[in-house]
Ligand SMILES: [Zn+2]
């Protein structure tokens, strides 16, 4: 078992470059501040988002 490739940390420690993407819920463009962010802030604040639609 060689862990030589796993010893170096993945790039997750790096600061995530903010990217523009389209919101999954309203399709409007927004800037995601982390890789898993797929919906805009306004949609996140809606109850629909909390229901788990984007799961
Ligand atoms: Zn949205």
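In the numbering used here, the protein residues as written are 188 to 242.
Cβ coordinates follow ideal geometry from the N, Cα and C atoms, glycine included.
*residue 205 in three-state terms, based on DSSP*: coil
*asked:* Whole angstroms are fine: how far does the CA of residue 217 sit from the CA of residue 231?
replied: 12 Å
*asked:* DSSP has residue 218 in a bridge; who is on the other side?
replied: 207
_For ligand 1, is there any heavy atom lying closer than 8 Å to the beta carbon of residue 226?_
yes
_Buried or exposed (CB count within 10 angstroms, at least 16 for buried), residue 213_ = exposed
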